[in-house]
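Enquirer: Same order as they appear, the protein sequences are chains A, B, C and D. In terms of the numbering used here, the first sequence is residues 107 to 214. In terms of the numbering used here, the second sequence is residues 107 to 214. In terms of the numbering used here, the third sequence is residues 107 to 214. In terms of the numbering used here, the fourth sequence is residues 107 to 214.
4 protein chains.
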Amino acid sequence: MAHEQHLELIQALHECMTACNHCYDACLKEEDIQMMAECIRLDRECADICNYLEQALSRNTPFVSELAAVCAKICELCGNECKKHNHDHCQKCADACFKCAEACKSVA
Amino acid sequence: MAHEQHLELIQALHECMTACNHCYDACLKEEDIQMMAECIRLDRECADICNYLEQALSRNTPFVSELAAVCAKICELCGNECKKHNHDHCQKCADACFKCAEACKSVA
Amino acid sequence: MAHEQHLELIQALHECMTACNHCYDACLKEEDIQMMAECIRLDRECADICNYLEQALSRNTPFVSELAAVCAKICELCGNECKKHNHDHCQKCADACFKCAEACKSVA
Amino acid sequence: MAHEQHLELIQALHECMTACNHCYDACLKEEDIQMMAECIRLDRECADICNYLEQALSRNTPFVSELAAVCAKICELCGNECKKHNHDHCQKCADACFKCAEACKSVA
Numbered sequence: 107m108a109h110e111q112h113l114e115l116i117q118a119l120h121e122c123m124t125a126c127n128h129c130y131d132a133c134l135k136e137e138d139i140q141m142m143a144e145c146i147r148l149d150r151e152c153a154d155i156c157n158y159l160e161q162a163l164s165r166n167t168p169f170v171s172e173l174a175a176v177c178a179k180i181c182e183l184c185g186n187e188c189k190k191h192n193h194d195h196c197q198k199c200a201d202a203c204f205k206c207a208e209a210c211k212s213v214a
Numbered sequence: 107m108a109h110e111q112h113l114e115l116i117q118a119l120h121e122c123m124t125a126c127n128h129c130y131d132a133c134l135k136e137e138d139i140q141m142m143a144e145c146i147r148l149d150r151e152c153a154d155i156c157n158y159l160e161q162a163l164s165r166n167t168p169f170v171s172e173l174a175a176v177c178a179k180i181c182e183l184c185g186n187e188c189k190k191h192n193h194d195h196c197q198k199c200a201d202a203c204f205k206c207a208e209a210c211k212s213v214a
Numbered sequence: 107m108a109h110e111q112h113l114e115l116i117q118a119l120h121e122c123m124t125a126c127n128h129c130y131d132a133c134l135k136e137e138d139i140q141m142m143a144e145c146i147r148l149d150r151e152c153a154d155i156c157n158y159l160e161q162a163l164s165r166n167t168p169f170v171s172e173l174a175a176v177c178a179k180i181c182e183l184c185g186n187e188c189k190k191h192n193h194d195h196c197q198k199c200a201d202a203c204f205k206c207a208e209a210c211k212s213v214a
Numbered sequence: 107m108a109h110e111q112h113l114e115l116i117q118a119l120h121e122c123m124t125a126c127n128h129c130y131d132a133c134l135k136e137e138d139i140q141m142m143a144e145c146i147r148l149d150r151e152c153a154d155i156c157n158y159l160e161q162a163l164s165r166n167t168p169f170v171s172e173l174a175a176v177c178a179k180i181c182e183l184c185g186n187e188c189k190k191h192n193h194d195h196c197q198k199c200a201d202a203c204f205k206c207a208e209a210c211k212s213v214a
């Protein structure tokens, strides 16, 4: 079955989406929210494209490589931003982003 | 952490979304596609709301119960339609839909 | 044609989504971002459900009233939050939210 | 304001999304649905990416050119498929897709 080719990628996207949204929610509650503005913005960008792509893959979209290439780029930039911040949610999010970026590149 | 309250529901939504999209993809390839038109339509409706809600829960949306109530209804109607068809993908989709509907009702 | 019944609502949803996302973007750039955290959160919630519903209506979803009822509630809460803030983008967003909430209620 | 740079593109995306979803809904009701399977599939792909991108642009996404390049490609392939079919909804959808593809290319 077509979407089974991409089970690992779908899982990485799902974990990245969850990590980004958790980081987004936590950033909005931080006292130093001013410093987290770019993190909040990129968390949403990254969560949205991962959420989009996990659905597109599961319906066997004909546009896997194009969408995965864009997603890899967004994941990397979000990971780079999160990596700058010491909050546990940011570090965990960075890890999920980099892992997802690699998974996306493998099909892009 | 807020989204951890809903880990089981997020998982049920993710599995239902995947099952609905696989059923949608498979229905579009069936020879008796005319009979599957309503299944195709409801698969998309159900995949979209599950995909939406899994993201909303993971960002700690304040609207859990309202969204889960709508999602439960859509999952049930999609499950009822899928149940009518003997295709393996339809039967599996119906199971995922009913399971997800129950999980949604538990927070609605 | 089915979606033509809902042209005005689709337009109101589109304008509300645009206003919420503009407010979200502008809030992330404000100096008093700490005060805007709830506004940022609700702007995203509202933009996402409006974006979802404008698409669902245009594909003739069978779940118009259920989805519109949830959307009306989210629009109202977002409008109430935006209304508290003097920023021009918040006031404009509040107007779009209340207008959209009314349009949603007319079909809910 | 940032999203105002892209008002024309946001409008083209919105019209393309609406046309694709109307075509999708109408295709599911056609008697020759077997012939419309690829059109149904691409209508959904195209509606989803347009719906995604109109929201991303309105929140001032940093990923305009990458996302617009993918969207242009999907719009073109959907337009090419729709163009093959004489149904009025398919011809109108093809027009909206080609117009949107051009608008996307202008920022890609």
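Ideal placement from N, C-alpha and C gives every residue a C-beta, glycine not left out.
(1) When you compare each of Gln140(D), Cys181(D), Tyr130(D) to Asp194(D) by their alpha carbons, which one comes out closest?
(2) What residue from Asp154(B), Asp201(B), Ile116(B) has the CA that sits closest to Arg165(C)'s CA?
(3) Could you have a look at Ser164(D) and say whether DSSP puts it in helix, strand or coil?
(4) Closer than 7 Å, Cβ to Cβ, to anything on chain B: give me those residues from the region 122–153 of chain D, in chain order.
(5) With DSSP run on the structure shown, which of helix, strand or coil describes Phe169(B)?
(6) Can you name the residues of chain A whose CB is closer than 8 Å to the CB of His191(B)?
(7) Would you say Cys177(D) and Cys156(D) are within 8 Å of each other, going by their C-beta atoms?
(8) Does the CB of Ser164(A) have a neighbour CB from chain B at under 8 Å?
(9) Can you list, in chain order, the residues of its chain whose CB lies under 8 Å from that of Ala174(D), leaving out five sequence neighbours each side?
(10) Check distances from the C-beta atoms of the region 173–184 of chain B to those of chain C and list, in chain order, the residues that come in under 9 Å.
(11) So, is Gln161(B) buried or exposed, given that buried needs 16 or more other C-beta atoms within 10 angstroms?
(12) Using 8 Å as the limit for Cβ to Cβ distance, is Phe169(D) near chain A?
(13) Mind checking if His112(A) is an interface residue toward chain B, Cβ cutoff 8 Å exclusive?
(14) Have a look at Gln111(B) and Gln117(A) and give me their C-alpha separation to the nearest angstrom.
(15) Should Asn157(D) be flagged as near chain C, meaning a C-beta pair shorter than 8 Å?
(16) Rounded to whole angstroms, how far is the Cβ of Cys181(B) from the Cβ of Cys122(B), which I believe are closer than 8 Å?
(17) Taking Lys215(D) as the reference, give the member of Asn192(A), Leu183(A), Pro168(A) with the closest Cα.
(18) When you compare only the Cα positions, how much space is there between Glu187(A) and Ile139(C)?
(19) Identify which residue in Lys135(D), Cys199(D), Val170(D), His128(D) has its Cα closest to the Cα of Leu183(D).
(20) Whole angstroms is fine: what's the gap from Leu134(C)'s alpha carbon to Ala143(A)'s?
(21) Express the C-alpha separation of Arg147(B) and Cys126(B) in angstroms, rounding to a whole number.
(22) Listing by chain order, which chain A residues have their CB less than 7 Å from the CB of Gln161(B)?
(23) Is the beta carbon of Leu119(B) less than 8 Å from the beta carbon of Cys206(B)?
(24) Would you report the Cα separation of Glu151(B) and Glu136(A), rounded to the nearest angstrom?
(25) Look at the alpha carbon of Phe204(C) and the alpha carbon of Gly185(C), and state the distance between them as a whole number of angstroms.
(26) Where does Val176(B) sit, in a helix, a strand or coil, going by DSSP?
(27) For Leu134(C), which three-state DSSP category applies?
(28) Measure from the C-beta of Cys152(C) to each C-beta in chain G and report whether the shortest distance is under 8 Å.
(29) Tell me the rounded alpha-carbon separation between Val170(D) and Met141(B).
Expert: Per the coordinate set shown:
(1) Among Gln140(D), Cys181(D), Tyr130(D), the Cα nearest to that of Asp194(D) is on Tyr130(D).
(2) It is Asp154(B) whose Cα lies nearest to the Cα of Arg165(C).
(3) Three-state DSSP puts Ser164(D) in a helix.
(4) Leu134, Ile139, Gln140, Ala143, Ile146, Arg147, Arg150
(5) Residue state, collapsed to three classes: coil.
(6) Near His191(B) there are no residues of chain A at all, since even the closest Cβ is about 17 Å away, more than 8 Å.
(7) yes
(8) Put simply, the CB of Ser164(A) is near chain B, with a gap under 8 Å to one of its CB atoms.
(9) Leu115, Leu159, Cys210, Lys211, Val213, Ala214
(10) Along the region 173–184 of chain B, going in chain order, the ones with a CB nearer than 9 Å to a CB of chain C are Leu173, Ala175, Val176, Lys179, Ile180, Leu183.
(11) buried
(12) yes
(13) no
(14) 20 Å
(15) It does: the Cβ of Asn157(D) has a partner Cβ on chain C nearer than 8 Å.
(16) 6 Å
(17) As displayed, chain D neither begins before 107 nor continues past 214, which places residue 215(D) out of reach and without an answer.
(18) The straight-line gap separating the alpha-carbon atoms of Glu187(A) and Ile139(C) is approximately 19 Å.
(19) Among Lys135(D), Cys199(D), Val170(D), His128(D), the Cα nearest to that of Leu183(D) is on Cys199(D).
(20) 6 Å
(21) It is roughly 10 Å from the alpha-carbon of Cys126(B) to the alpha-carbon of Arg147(B).
(22) Met123, Asn127, Ala153, Asn157
(23) yes
(24) 36 Å
(25) Distance between the alpha carbons of Phe204(C) and Gly185(C) is about 6 Å.
(26) Assigned with DSSP and collapsed to three states, Val176(B) falls in helix.
(27) In the displayed model, Leu134(C) falls within coil according to three-state DSSP, outside both helix and strand.
(28) Looking for chain G here will not work: the only protein chains present are A, B, C and D.
(29) Going from the Cα of Val170(D) to the Cα of Met141(B) covers about 41 Å.
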